[in-house]
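S.K.:
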Amino acid sequence: MMIKTVVVEDDPMVLEINKSFVKEVEGFQIIGTFKNGNDLLAFLNSNSPDLIILDIYLPDIDGLTLLKEVRKRNISVDVLAITAAQQGEIVAELLRYGVVDYIIKPFKKERLIDALLTYKNKYLKIGQKRNVKQEDIDRLFSRSSTGGNLPKGLHETTLKMILKTLEDAEEPLSASEVAERVGISRVTARRYLDYLEKEGMAGKEVQYGNIGRPVNFYYLL
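Residue numbers (full-length UniProt numbering): 1 to 221.
1) Give the straight-line distance between the Cα atoms of Lys-109 and Asn-74, rounded to the nearest whole angstrom.
2) Report, in whole angstroms, the separation of the C-beta atoms of Ala-81 and Ile-113, which I expect to be a contact under 8 Å.
3) For Ile-30 and Lys-19, which I take to be in contact (beta-carbon distance under 8 Å), what is that distance rounded to the nearest angstrom?
4) In angstroms, rounded to a whole number, what distance separates the CA positions of residue 222 and Ala-92?
5) I need the DSSP call for Asn-216, collapsed to helix, strand or coil.
6) If you reduce the DSSP assignment to three classes, tell me which class Glu-26 lands in.
7) Residues in the same chain with beta-carbon distance under 7 Å from Met-161, minus the five sequence neighbours each way, listed in chain order, please.
8) Can you list, in chain order, the residues of its chain whose CB lies under 8 Å from that of Val-22, leaving out five sequence neighbours each side?
9) Could you tell me which of Val-25, Arg-71, Thr-83 sits nearest to Gly-98, measuring between CA atoms?
10) If you compare alpha carbons, which of Glu-167, Glu-171, Tyr-192 is closest to residue 222?
11) Mind reading off the beta-carbon distance from Gly-66 to Leu-40? Whole number of angstroms is fine, and I expect it under 8 Å.
12) State the CB to CB distance for the pair Asp-60 and Asn-38, rounded to an integer number of angstroms; the pair is presumed to be in contact (CB under 8 Å).
13) Give me the Cα-Cα distance between Gly-153 and Phe-34, rounded to the nearest whole angstrom.
14) Starting from Gly-88, follow the alpha helix (DSSP H) in both directions and report where the run begins and ends.
15) Give the DSSP-derived three-state secondary structure of Met-2 in the structure shown.
16) Have a look at Arg-143 and Tyr-195 and give me their C-alpha separation to the nearest angstrom.
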């Protein structure tokens, strides 16, 4: 399922940069871009995006007021704020109105990509579960897109590389295949894959080779 995404940004150059970053993350489809709030509201009258990437400083209506109007209309959409606004009261108010993340300009590409992966891996997937467990909620409210504090010896950057490798794969991968694609040892890859399985972010299936020896293959949930 593609995540239908709208980008709202009045600076044409920044708009193009943000669009290019979003396009780097598999699973997101940009269905609209807008340079002001009123055009966005008109769009929402007949369209239903999953996610709005919203600048706070817009020429016609500020992003906070715009978000309040969206909520007032009971439009079911998530909002990720990207802005130069650093006032604590603005951040607090945006959080009260349910933004899924808040990114302050200027920012690194990796920060936005991490926010999008967080959204895809946690906020969306929990809505697809028939029954939610406490550990699902704990992962949802942890800061990291990969589930909070990592066990000793595991590193966030490597974990994200493995997640991206599983995401890009057309079929389940063995630890050896993941290791080769990421550039780490098979033993190290196995540790990360076992962690992802334990955290409910990866599934595992067992296949038997010609000599009958079982091999675990992993896929992203």
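Think of the CB as a built atom: it goes at the ideal place given N, C-alpha and C, for glycine as much as any other residue.
Please read all numbers here as calculations on a predicted model, not as lab measurements.
M.R.: Looking at the coordinates:
1) Taking the straight line from one Cα to the other gives about 31 Å.
2) Not a contact, Cβ separation roughly 16 Å.
3) Confirmed, Cβ separation roughly 6 Å.
4) Outside the displayed range of the chain (1 to 221) lies residue 222, so it cannot be described from this structure.
5) It is a strand residue.
6) Coil, per DSSP.
7) Cβ neighbours of Met-161 within its own chain (closer than 7 Å, five residues either side excluded): Val-182.
8) Counting only residues of its own chain and dropping the five nearest sequence neighbours on each side, Val-22 has a CB closer than 8 Å to the CB of Thr-5, Val-7, Phe-28, Ile-30, Ile-53, Leu-112, Leu-116.
9) That would be Arg-71, whose Cα lies nearest to the Cα of Gly-98.
10) A question about residue 222 goes unanswered here, because the residues of the chain that appear run from 1 up to 221.
11) It is worth fixing the name first, because residue 66 is Leu in this sequence and not Gly. Confirmed, about 7 Å.
12) Taking the Cβ atoms as the reference, Asp-60 lies roughly 5 Å from Asn-38, within the contact range of under 8 Å.
13) Counting only the Cα atoms, Phe-34 lies some 44 Å from Gly-153.
14) Run containing Gly-88: 88-96, per the alpha helix (DSSP H) assignment.
15) Here Met-2 sits in coil by DSSP.
16) Unreliable positioning characterises Arg-143 in this predicted model, as indicated by a pLDDT of 48, which lies under 50. A coordinate reading is not provided.
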